[in-house]
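Participant: Structure provided below as C-alpha cells; questions to follow.
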Amino acid sequence: MATVFNGLSFLQQRNSMPRLTGPGPDAAELEEMLQCAMRSPDHLRLRPWRFLSIQGDRRQAFGELLRESLLRRDPEADQGAQDKALNAPLRAPLLITVLASITEHPKVPAWEQRLSAGCAAFSLILAAEALDYGAVWRTGAFAEDQELVRDMGGAGNEEIVGFVYIGTRDCTPKAVPTMVSDNFHRVW
Numbered sequence: 001m002a003t004v005f006n007g008l009s010f011l012q013q014r015n016s017m018p019r020l021t022g023p024g025p026d027a028a029e030l031e032e033m034l035q036c037a038m039r040s041p042d043h044l045r046l047r048p049w050r051f052l053s054i055q056g057d058r059r060q061a062f063g064e065l066l067r068e069s070l071l072r073r074d075p076e077a078d079q080g081a082q083d084k085a086l087n088a089p090l091r092a093p094l095l096i097t098v099l100a101s102i103t104e105h106p107k108v109p110a111w112e113q114r115l116s117a118g119c120a121a122f123s124l125i126l127a128a129e130a131l132d133y134g135a136v137w138r139t140g141a142f143a144e145d146q147e148l149v150r151d152m153g154g155a156g157n158e159e160i161v162g163f164v165y166i167g168t169r170d171c172t173p174k175a176v177p178t179m180v181s182d183n184f185h186r187v188w
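In terms of UniProt numbering, the sequence shown opens at residue 1 and continues consecutively.
As C-alpha cells, then:
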C-alpha cells in the first residue's frame, strides 16, 4: 500500500537545515523547485522574483564577490572574516539567490512585490524539502548590498531577498519546538 503524503504534518515539522553537503539537486529537481516557487502569490502577475542558481566552481567565484562586498563595508576586515565570506557559498552544493524585481505599479506597491519574492524563497525551501533535501534561508549584510546585486548581473530595480542554501542534510535536525497558537493568534 502506498504511503499517503501528509502535507500538514510536513509543514508543521519544517525546520531549517544549516549543515548541508552533496549531493544537491540535479537539473530536473531544480526545475521542479523553480516551478513551485513561481506559483507564489503574485498580484496582477507581475512575476516580481528572479532566481540566480550558483553551483559547482561558480560558488568560489561568488565567494570572491562576497569578500569584495565585505571589504566595501569594512575595509579593515580581518582575514578570518574574509575567509568566512569566501567560504560561505561552499556550505551547500546549491545556492539560490532570490531577488525581488520591483516594478512601479499603481495597484501593487513595492512591499507587496517583496512579500511575493519572499513567498517564492519559502516555496523553494518547501520544494527542496519535499524532494528530501535540506535547506536554509540566509540574509545578513550581503543581502543589503545593491552593488552585489549589480555584480551578479541584477538590474537596478532588483533587491536580494535572501540566499537559499540547498543540499543533503549533514546533521540531525533539531527538535521542532511545539508552539501554542494562542501566543500568536486572537479572534477579532
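Ideal Cβ positions, reconstructed from N, Cα and C, are used throughout, including at glycine. Treat the numbers as computed from the prediction; the structure is a model and nothing was measured.
So W111 is in the beta strand (DSSP E); what residue range does that whole segment cover?
Facilitator: The residue given as residue 111 occupies position 111 in the sequence shown. W111 -> not in any beta strand (DSSP E); alpha helix (DSSP H) instead, spanning A110 to A130.
Participant: Give a yes or no on contact between the stretch 99-113 and the stretch 22-39, applying the rule of three or more CB pairs nearer than 8 Å.
Facilitator: no
Participant: Please report the distance separating the alpha-carbon of A155 from that of P89.
Facilitator: Here residue 155 corresponds to residue number 155 of the sequence shown, with the count starting at 1. Here residue 89 corresponds to residue number 89 of the sequence shown, with the count starting at 1. Cα to Cα, A155 sits roughly 22 Å from P89.
Participant: Could you check where the alpha helix (DSSP H) with S101 kicks off and where it finishes?
Facilitator: For the purposes of this step, residue 101 is identified with residue 101 of the sequence shown, where counting begins at 1. Premise fails: S101 lies in the beta strand (DSSP E), L94 to S101, not in any alpha helix (DSSP H).
Participant: Short check: CB of A135 to CB of A141, under 9 Å?
Facilitator: For this step, residue 135 is matched to residue 135 along the sequence shown. For this step, residue 141 is matched to residue 141 along the sequence shown. No. Outside cutoff.
Participant: Find out if the Cβ-Cβ distance for the pair residue 200, F51 is shorter than 9 Å.
Facilitator: Lying outside 1 to 188, the shown extent of the chain, residue 200 is not represented and no answer is given.
Participant: Nearest-angstrom Cα distance between E147 and W188?
Facilitator: Mapped onto the sequence shown, residue 147 falls at position 147. Mapped onto the sequence shown, residue 188 falls at position 188. Going from the Cα of E147 to the Cα of W188 covers about 44 Å.
Participant: Rounded C-beta distance between P25 and I166? I'm assuming under 8 Å.
Facilitator: Indexing the sequence shown from 1 puts residue 25 at position 25. Indexing the sequence shown from 1 puts residue 166 at position 166. With a Cβ gap of about 6 Å, P25 and I166 count as contacting.
Participant: What is the residue span of the alpha helix (DSSP H) that V187 lies within?
Facilitator: Here residue 187 corresponds to residue number 187 of the sequence shown, with the count starting at 1. V187 -> no alpha helix (DSSP H), and no H or E assigned at all.
Participant: Quickly, what does DSSP pair F163 with across the bridge? List them, please.
Facilitator: Translated into positions along the sequence shown, residue 163 becomes position 163. Per DSSP, T97 and R138.
Participant: Let me confirm a value: Q13 is counted as buried when at least 16 other C-beta atoms fall within 10 Å, else exposed. Which label applies?
Facilitator: Reading the sequence shown from its first residue, position 13 is the one you call residue 13. That one is exposed.
Participant: For S9, name the three-state secondary structure that DSSP assigns.
Facilitator: As a working mapping, residue 9 is identified with position 9 in the sequence shown. Residue state, collapsed to three classes: helix.
Participant: For a test of the three-state rule: what should DSSP assign to M1, helix, strand or coil?
Facilitator: Working through the sequence shown from its first residue, we reach residue 1 at position 1. With a pLDDT of 45 at M1, under the threshold of 50, the modelled position of this residue cannot be trusted; read the value that follows with caution. The answer is coil: DSSP assigns M1 none of H, G, I, E or B.
Participant: Can you tell me where the beta strand (DSSP E) holding R72 begins and where it ends?
Facilitator: As a working mapping, residue 72 is identified with position 72 in the sequence shown. Here R72 belongs to no beta strand (DSSP E); instead the alpha helix (DSSP H) covers R58 to R73.
Participant: With distances taken between CB atoms, is the gap from L95 to R67 smaller than 9 Å?
Facilitator: Locating residue 95 in the sequence shown gives position 95, counting from the first residue. Locating residue 67 in the sequence shown gives position 67, counting from the first residue. Against a cut-off of 9 Å, the Cβ pair of R67 and L95 comes out as no contact.
Participant: Determine the DSSP secondary structure at R39, reduced to helix, strand or coil.
Facilitator: The residue given as residue 39 occupies position 39 in the sequence shown. Correct three-state label for R39: coil.
Participant: Name the two residues that bound the continuous beta strand (DSSP E) containing R50.
Facilitator: The sequence position of residue 50 within the sequence shown is 50, counting from 1. Boundaries of the beta strand (DSSP E) harbouring R50: W49 to Q55, taken from the DSSP string.
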